Amino acid sequence: MLRRLFPHPYLTLTLIVLWFLLVNQIKVGSLVMAVFLGTILPHLTSAWWPDRPIIRRPLGLLAYTALVMWDVIVANFQVARIVLFMPKAKIRSAWVTIPLDLRSPEAISLLAGTITMTPGTVSSDMSACGKALLVHSLHAPDPDEVRDTIKARYEARLKRIFE
Amino acid sequence: MILTYALIFMLGCIGLALLLNLVRLFNAPTITDRILTLDTITVNAIALVVLYGVWSGTGLYLEAAVLLALTGFVGTVAYCKYILRGSIIE
Amino acid sequence: MNHWIIAPVVLPSLVGALMIITMRGDLLLQRVANVAAILALNAIALALLWSATTHGPEAYFLGDWPAPFGIALVLDRLSAMMVALLAVLALAVVLYAIGSGWDRKGAHFHPLLQFLLMGIAGAFLTGDAFNLFVFFEVLLIASYGLMIHGGGATRTRAGIQYVAFNLFGSSLFLIALALIYGVTGTLNMADLAAKLPDLPEGDTALLRVAAVMLIMVFAIKGALVPLQFWLPGTYANAPGVVAAMFAVMTKVGAYAALRFGTLVFPPDLPATGDLLSSLILPAGLVTLVVGAVGVLGATTLPRLVAFGGIASMGTAFVAIGAFTPQTTAAALYYMVHSTLATAILFLVADLVTRRRTHARLDDTAPPIAQAGLISALFLAGAVAMAGMPPLSGFIGKLLILDAFRAQTALVWSVVLGSSFLMILGYARAGSRLFWKASALEAQPEDPRADGLAFTATFGLLAALVALTVLAGPITDWMAETARTLHAPESYIAAARLGQEG
Amino acid sequence: MTQTFELAVELFLAAILVGGGIFALVGSYGLLRLPEPMQRLHAPTKATTIGVGAALLVSALDMLPQGGGISWQELLITIFLLLTAPITALFLAKTLLLRHEDPATLPETGTGHPWATLGEERPDP
Amino acid sequence: MEALVASAIGMFTAVGIYLILRLRTFPVILGLTFLSYGVNVFLFTAGRLATNRAPIIGTGEVYADPLPQALVLTAIVISFGMTAVVMMMAIGGHLEAGHDRVNMAAGDTDTAEDKA
Amino acid sequence: MSLALIAALPFLGALLPGLMIRAGRDACAAVTGSVTLLALVLLALNAPTVLAGDVVQTRIEWLPALGLNATFFLDGLGLLFAGMILGIGLLIIIYARFYLAKSDPMGQFYTYLMLFQGAMVGIVLSDNILLLLIFWELTSLSSFLLIGYWKHLPEGRQGARMALAVTGGGGLALIAGMLILGGIVGSYDLTVILDNKELIQASDWYLPALILILLGAFTKSAQFPFHFWLPHAMAAPTPVSAYLHSATMVKAGLFLMARLWPVLAGTPEWFWIVSTAGLITMVMAAKIAFFKDDLKALLAFSTVSHLGLITMLLGFGTKAAATVAVFHIINHATFKAALFMTAGIVDHEAHTRDLRRLGGLRHLMPITFGVALLASLSMAGIPPLNGFLSKELMLEEAAHTVWITPWAMGVLATIGALFSVAYSFRFLAHGFLGPVRDDYPHTPHDPGPGLWGAPAFLVVLVLLIGLFPMVTAAWLVDAAASAVTGEAVQSKITHWHGLEAAALWMSLAAVGGGLMALGAYPRLRALWDAAPRPEAKRIFDGVIEPLAALARGLTGLVHNGSFSRAVGVAVVAIAAASLWAFRGGDHLAGTRDLLPVEPVVLAVWFVMMVAALAAPFFHRDRVVALVLIGVVGLLIAPMFALLSAPDLALTQISVEVVTILLMLLALNFLPKVTPVESAPAHRLGHAAIAGVAGVGVGWLAWSMMIRAPAFDPISAFHLAQSKPGAGGTNAVNTIIVDFRGYDTFGEIIVLGIAALVIYALSETVLRSPSVTRRLATFVPEKEAGDRHPMMLVVSTRLLLPMAMMVGVYIYLRGHNMPGGGFVSGLVFAIAYLMQYMASGYVWSHARQRYDHHALIGWGVLIASLAGVGSWAFGAPFLTSAFEYVHLWPLEEFELATAVIFDLGVFLCVLGAILLALASLSRLALRTGESANTRAFDIDPSEGGR
Ligand code: NA
Ligand code: NA
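Chains as they are written, first to last, in this note's numbering: chain A, 1 to 163; chain B, 1 to 90; chain C, 1 to 501; chain D, 1 to 125; chain E, 1 to 116; chain F, 1 to 945.
Here is the structure:
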C-alpha cells in the first residue's frame, strides 16, 4: 500500500525539499503543496522508473556529495591553470578505462557524473556490456593514477552506499 | 559599492566570454565544438540572467535561469543525439 | 447583452473539441455532428442578420471589459452578412465533402472544418485589430490542414508554398499592428476610428506605413496582384471541396480591407487620405486582368477555376477600392456572388476531375459519367464567373460598372475586356471538357451517383439564383449597409468606448 | 547585523563574483585555446559551470547585507546544472568518439566488448 | 539601446528574408523563424524599451507597457505552431516527392524529378 | 403581365423537353411546340391593340436601385419580331422533329432551342435596355450551345466558340454602350430613352455610345468586319441554322439598330458608319456566296449580304429607308428560313450539301425543288415574289442616297443585287437543274411532309406577300416602321414603280449581270480560286489561338511556381508601397529619452547580430544553421529579460528549445545539406532585397521607438486594473488570461489545430506507398551503437518529476508573477520530450497514460467552458471572477476562474506539442528501426547483481 502510494520515497522527499527551494518560503500552504506534489509527481512518472533503486546508506550519500563539492572547487583551479598557463605541447591528455565494480545503474551514473564534474576528467562512454567506463583526462601524465584515484575515492564509496 | 564593481567585473567577463564563444562558433573544427559552444553560451546566458537579477535587485528573472538550465540541457542532448543517431527520438 | 454574437465562434470551437475527444474514430458521428453544427450556425447567422438589420450595430464585450481595453466583437450588417455567407457555403461544402467521400481521405476533416469556420467567423465579427490577426491565424492554420487533406506529393508541396507565404504575410500583419499600437496606443478598431482624426502631424508617416502594410496583408489574403502568386497553386491543388470553402477565405481579405478602409482609414482621414484607394484600385484592375488572362491560359481545370477566382477578387477589389457608398454596395453584392460562384466551379471541377484520370485541359479524356448534369453545372458556374446573364455575375458587373461613372474608360474597359477573355477561356475549357470528349470512345465506367454532392452543388446554384432573382431587395439592403459603412458613427457608438458595462 | 558583517559578506560576495567571472572566462577561453577536441570539452563543461555557480551563490546571498534572507531558488538551479552537465559532456564526448576520434587511440574496455558508441547496435531481446 | 534593438530587428528580418528566398524547404523555414524573431521583437518595441520595470504590480512605481508583451506571447506561440506545421509539411513533401525543392513547376504539375 | 408571360413561356418550356423526352420524341416535340404556340397565341391577343397604334406594357420591379427592371413593352416592331421568332420557331420545332437523327439527344436540342427562343423574345419585348442586355447575352450563350450541339464535330465546337467570341464580345461592348446611353438619359427604360433624341445626340458621349452599341449590333448581325463567324456557325444542325441565321439571332442586331433608330439615327456619324458597313457587307458577302459550294455556306453568306442590305437601309436614316428595311426583314426571314430548311432536306436525303456533287435533284425531289425554286427566286429578287418588292425599294433608296459621290451607292447596290441574283440562280442551277447524277452519296427522294411542310408554308408566305403585299404585309410593315421611326408610316408597296424608277433599271442590270455571271461561272471560279484572299477562320484562329497561347505563356511565365519569385516580388512591392506611404506623411523628431547601453549588452547584441548574419553564409550545412538559430533564439531571451519582459523571456526560452527539437526531428528526414542552386547574381539580388527589407523594418522600429505614442496607451487601464479588476499582479498574465483572454483562446486553438494538422499529415504520409518505400530504404549516416544511454535515462528519472514540479510552480504563480499556463505547458512538454529522448518513443509512449488528442480537446473544451460558464451569471464570454479564500491552516490564497482558463491553455499546449512530436516519431518507426522493450540499452546490473 505504502509502496503504491510512494513508488519512490526518496524522490518524494527530494521533491518536497525542492518545492521549498522553489517557492522560497516556509508556510503551511507550501507544505501542503509540497507533500501533494511529492506524492503525485512520482506517481505520474513512475511508469518510466519501473524499478526502485536501493540506497543502503542515505546519509553516506550526503557525505559523498560534500566530498565531491569540495573536489569540484579545488580541482577547478587545476584546470584553470592548465587552460591558462600550460603550453599546449605539454598538455598530456589521455584516455583511461575504468573497470566497474558497481552494477546499479543509478550508482554508475552517479560515478560517471562525479568523474565529469571533478575537473580534469570527463566520462565519455561506457563499454557495450556496461562494465567499464571510458574517461578522458585533460592532463594525465600517469593514466593509471587517474583510474586508481577514481576507483578508490569515488567508486568505493558509492559501492558502500548503493550495494 | 564594492559589490557593484565586482558585479561589473563579472558581467564584463561574461561579455568577453561570449565574444570568445562567438569566435569559436565560426572557426569550430568540428560540429561538436559548435554544439559545445552553444552549450557554453547557454551557461553564460544563465550567468547573465542571474547577475542581472542581482543588479536589478529582483528575483523576477530566476525562473528564466531555471528554464535556461533545463532547456539548455535538453537542447544540447538533442543536437548530440542527432549527430549520434540521426533520430533524436527513436 | 446579446450572447448570440459570439455563438458563431464558440459553437464551432466546442463542436470541434468534442469531435476530437469523443468522435475521433467515428466518421459517421462526426458527419452528423458537423452537419448539425453547421445547420445551427446557419440559424444563428440568420438570427444575427436579422438582429443587425433591425437593431443596428451591437458590440459584445468579452470578459465584460469595456472597449477599448478588452476585446469587443461588433455585429453590424456587414459582419452579419459575411457570417451568413460563410454558413451557407459551409453547409454546401460539408454536404459535398460527405457525398463525395473527401472527408474520408485523411484524418480530422470535420474538426478542421469546424475550426476553419470558427476562425473565419471570428475574423468577421471582431472589432479588435490584433484579435483579427489571431483569428486570421486560426482560419489559416485550419486551412493548411484542409489544403493538404488527402496528401500527395504535389498537394503537399503546394501546401508548403501556401503556408510559407502566409507566414510571411502574418509577419507583415504583426509589423503593421505593432506600428498601429506603437503610434496610437490602442488596438480597438472603433477606438482607432475615434482617435485617428486627432493624430498629431509628426506621426502620420508611420501610420500611413501601417495602413499600407495592413492593406498588403489583406491583399495577400485576397490575392491582389502582386501578392496573388500563392493562389493558383494552392487552390488548384487543394481538394476540390476545400478549394470551394476557400472561396470565402479570399473574401476575408476583401472584408478586412473594406472594414479598415471605411472605419479606420476612411477617405476623409487627413493622415491617410486616398492612400488606400490609390493602391487598391489599380491593383484590383491588374488582378482582374491577370485572372482573366489566367482563365484563358490555364492548363488544368482547377487552375482555370483558380484564376477565375483571382479575377473575381480583382473585380471585388476594384469595387472596394473606390470607397464610395455606391461602389461599396456593388462590392458587397459582388463578394457574395463571387463566393458562391467560385465555390460552384470548384465543386464542378472536382466532379470532373474525380471522374477523369487527369485534370489537364489540353489533353482530351473520355467522356465522364453524368456529363450532362456536370456540364450544365459547369455552364452555370462559368456563366456566373464570367459575368454573363442571367446569373448574378452579370448583375454584379452591371452594379460595378454603373457605380464607376467617374473612371469610366479605364475601369469599364478593363472589366469588360477581362470578361471577354474569360468568356473565351471558359468556352474553350467547357468545349474541350464536355464536347471534345464525346468524340472519344466512352469508357465503361461505373456511373457515380454522388447524390449528396450534386445536391450541394445545386444548392449553391440555387443560392446564386436567389441572389439574382431577389437582387432588388438584396441590393437595397446592401446599399443601406454600404451607407452605414461609410458613416460609421453608429458602429463607433456601439463600441461604447471607455464606458463601463 | 553589524557593519562589519555586512562588509565581510560584501567582500566575500565580491570575491566570489571576481572568481566566478574569471572561471567563466577561462571556460570560454579554454574552448578556444585547447588544441584537441576532447580537451576542449573539459574547459566549458566545468569552468563555466563554476562561473554560473558563483553568480548563483551571489544571487542567493546578495540580500544578506541589506538584511534580507537567503534566496533558495538558486540552489535549485545549481542542482539542475550539476545533474545535467555530466550528461551534456557525455553526449558531446560520444559525438567526438563517433565522428572524430581514431578508434585505435582508445584503450581496450577490458571486458571483451567494444565501447558502446563504436559498437554494433544491440538488438533488443 | 533603441538603436541596438532596431538594428537587431533589421538584421533578423534581412536574414529571414534572404533565407526565405532560398530554393529548399529547410532554409525557407529557418528564414521564417528568423523573420518571426524580428517581427516579435518589433511588436515588443511597440511598448517602447524600459529596463527593470517588469509589469508586475507592486515591484515598482513605473512599469513597462504590458500589452505588447502579451501580444508578443501570442505571436510567439502562433508562430511556433505554424513553424511546426510547415516543418511537417516539408517532411511530407520530401518523402512524397523525393526532393525538398520549394519551387513548383509552372502549372503545378510535378517536375521530372517528382516522377522519378 | 401577359408580355412577361410571353417572354417567360419559352424559358418555362425549356424545362419540359428534358422531362418529356422519356415519353418519346413526338411528345417532346409536341410539348415544345405547344408552348411556343401558346406564346404565339398570347402575342396574337395583344396584336390588335398594337396594330391600333397603342403600346402594351408590363412592369415588374426587379432591381430598381440600378434601374434594371423586368419591364416589357410591345409595339409594332416588337410585334413583328416576336411574331417572327415564335412563328418560325414553331415551324423549326416541327421541322427538327423530323430532321434530327435517332441518336441525337432531342430533349437537349429542344431545351437549347427554347432557351434561345426565350432570349430572343425577351430582346424584342424589353422595355429596359439592361434587361435587353441580359436577353442579348443569353442569345449568345444559347446559340453557343445550339451551334455546338453536335459535340463530336470539331467544326461545331470551333464554330460555336467563334460565334460566342464574336457575339459575346460585341455584347460586352453593347453593355458599355447601353450604360452610357442610360447614363446620358438618366434612365434605362427604353420608352424614356426613345423620348430623348436631342439630349442623346447633343451629348459628348453620343459617339462612344453609338460606336459601342453598333459593335454589339454589327457582331450579332455579322456585319463587316465581323461577318466571318456566321458561315462557321453552319456546322450547327440545319434547323438551328434556319432559325438562328435567317430569322432570329442575326436579326437581333438589326432589331437593336431599328429599336434605337429614333434616338441614334439621323446624324452623319450614324449614316457613315452604318450605311458603309451595310454596303460593304452586302456586296462583299454576296460575292463570296456566289463562290461557295456548300449549300449552307452559300446561304450563310447570302444571309450576311442581306443583313448588310438591311443595315445599309437603316443607316440611311430616312423614314422611307427604314420602312424598306422593316419590309425586307420580313421577306428575308420567310425565304431564307425556307431555303435553309431546303438545304437541310437535301443534306438529309443526299447526305451532302456540296453543290459540286449535286445537280439534277429537280427530278428526284420535285416538292423540295418547288420550294427551293420559289424561295431562291425571291432571294434573287425576281417578281412577283416578296424579295423582289423589297429589293426594288432598296435599290430605289440607294439610288437616291449620296455616299461619297451621288452615284456610288447606287452602283454598288446594283452590284450587290447582281451577285445576289447570281448565287440564287447558282443555288438552283447547280443544285437542282441539270441531269440526274449517279454518284450522290445517297440517292435522294422527297421526304415526308414533316420535313417539307414547314418550308412549304414559308414559301406560301413568300408567294402571298409577293402577290398581295398590301393585304398580307403592309399593315405589319406600317406598324413596325412606325415604331422604328417614331412617326406614323403609311407604306404603299407596289410591283411597278414606273419606268422612271431607277430601281427598275438597276434590277434589270442586276438580273442580267447575274445570269451572265452564272454563265461565266467556271472562268470566274478559276479567277476566284487563284486570287489570294483572307480565310476568316484562319484569321480568327490566327488571333484567338495566339491569344490563348499568349495567355498560357504569360500565365506560365508569371505564375511559374517559383516561391522565391513570389516572396521577392511581395517584399519589393511592400517596401516600395511603404516607402511611398512614409514619404507622403510626416515623421517628426524623437520625443523620448533613449536608454543607455551597457558594455555587456553590447557584447550580447554583437554575438546575436553576428550569429544571425552568419546564417546566410553557413546555412547549407543544416545542422550548423540550426546551431546558429539556437544561439540567436537563446540570446533573445536575456534581451527580453533585460527589457522588463520576464514572461517573454520564459516563453522564448521554452519555445526555442521545442522548436529546435522539432527541427532536429525533421532534419532527420530531410537532406542534410542545401546544394548551391542559384547563381551568384541571383543570390546578390536576393541579398539586396533582403537588405532593403531589413533596413526598412529596422528603420520603422527605430522611428517608432524614438517617439512616444500619440495617445495614452490603453495598457494604462490594464496596469491599473490588473490587481483590483483581474486579481493578479502580473499584468502580462492578466492581459493574457483575462483582459485579452479571447486572443489566447484563439491562440491555443491555433496550437491545437497545428498538432491536428501535423497528425493528419503524418497519417497521410504514412499511408502513402511511395513514402513507405522511401522510408524503408532510409540509410542513416554513421551511427552510434547505443540508442538510449543509461546515464541519460537515469538522470531523466530525476529530472522528469523535477521539471514537472517547476512546471506546476510556474503555472500556479503565473497570475501574479512571470509564468502561467502556457509556459507551464511547455515545461511539461519539454519534460516529456526529455523522457522520450532518453528511452525512445515506443517504450515511453507505451507508458503514457493520456491521449494527446484528448489533451488538446480537453484543453479547448475547458477554455471554452471557462468562457461559456460566465453566461450562467449573465456575463459575457470569458468574464472572470476571483475570490480570496482563507482555509485553516492554510494561508489566505486566491481562487480565480482565470486559472481554469489557464488550465485549458496548459492542456492544449501540452497536448499539441506531444501530439506533434509523436506524429514525427511515428515516421521514424517506419525507417525500419526496432522498438526497445527496456528503458536503456546497456544494463550493467544484468546478471551482475
Ligand atoms: Na496570449
Ligand atoms: Na517564434
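All C-beta atoms in this analysis are idealised placements derived from N, C-alpha and C, irrespective of residue type, glycine included.
Treat the numbers as computed from the prediction; the structure is a model and nothing was measured.
Would you decide whether residue i is buried or exposed? Buried here means 16 or more other CB atoms lie within 10 Å of its CB.
| i | result |
| --- | --- |
| Ala679 of chain F | exposed |
| Asn44 of chain B | buried |
| Ile856 of chain F | buried |
| Gly69 of chain D | exposed |
| Met123 of chain F | Reading the sequence as shown, one finds Ile at residue 123 of chain F and not Met. With 16 or more other Cβ atoms within 10 Å, it is buried. |
| Tyr96 of chain C | buried |
| Gln66 of chain D | exposed |
Check whether chain D comes within 8 Å of residue i, counting only Cβ atoms and requiring the distance to be less than that.
| i | result |
| --- | --- |
| Ile91 of chain A | yes |
| Ile950 of chain F | An answer regarding residue 950 of chain F cannot be provided, because it is not within the stretch 1 to 945 covered by chain F. |
| Arg24 of chain B | yes |
Work out the CA separation of residue j and residue i for me, nearest whole Å.
| i | j | result |
| --- | --- | --- |
| Gly47 of chain E | Leu97 of chain D | 49 Å |
| Leu117 of chain C | Pro8 of chain C | 8 Å |
| Ala530 of chain F | Gly33 of chain F | 48 Å |
| Leu111 of chain A | Leu158 of chain A | 7 Å |
| Leu339 of chain F | Asp438 of chain F | 24 Å |
| Arg533 of chain F | Phe301 of chain F | 15 Å |
| Pro616 of chain F | Ala681 of chain F | 15 Å |
Any Cβ of chain F within less than 8 Å of the Cβ of residue i?
| i | result |
| --- | --- |
| Glu101 of chain D | no |
| Ile50 of chain D | no |
| Leu73 of chain E | yes |
Compare the C-beta of residue i against all C-beta atoms of chain C and say whether one is closer than 8 Å.
| i | result |
| --- | --- |
| Trp229 of chain F | no |
| Leu179 of chain F | yes |
Should residue i be flagged as near chain E, meaning a C-beta pair shorter than 8 Å?
| i | result |
| --- | --- |
| Asp294 of chain F | no |
Between residue i and chain B, is the shortest Cβ-Cβ distance under 8 Å, so that the two count as touching?
| i | result |
| --- | --- |
| Ile29 of chain E | no |
Original post:
At a cut of 8 Å, does the region 877-884 of chain F reach the region 15-32 of chain C through at least three beta carbon pairs?
Top reply: Counting C-beta pairs with one atom in each stretch, the region 877-884 of chain F and the region 15-32 of chain C have fewer than three that are closer than 8 Å, which means they do not touch.
**OP:** Write down every uninterrupted run of the alpha helix (DSSP H) in the region 14-51 of chain D whose length is 4 residues or greater and which is fully enclosed by it, in chain order.
**Re:** If we require 4 residues or more, the alpha helix (DSSP H) runs fully inside the region 14-51 of chain D come out as 37-42.
**OP:** Scan the region 719-793 of chain F and note each continuous alpha helix (DSSP H) run of 4 residues or more that stays entirely inside, going in chain order.
**Re:** As far as the region 719-793 of chain F is concerned, its whole alpha helix (DSSP H) runs of at least 4 residues are 731-734, 741-767, 769-776.
Original post:
Counting Cβ pairs, one atom from each stretch, are 3 or more of them under 8 Å apart for the region 330-338 of chain F and the region 274-288 of chain F?
Top reply: Because the criterion of three Cβ pairs below 8 Å is not met, the region 330-338 of chain F and the region 274-288 of chain F do not touch.
Original post:
Between the region 115-135 of chain C and the region 736-746 of chain F, do three or more beta carbon pairs fall short of 8 Å?
Top reply: The answer is yes - the region 736-746 of chain F touches the region 115-135 of chain C, with three or more Cβ pairs under 8 Å.
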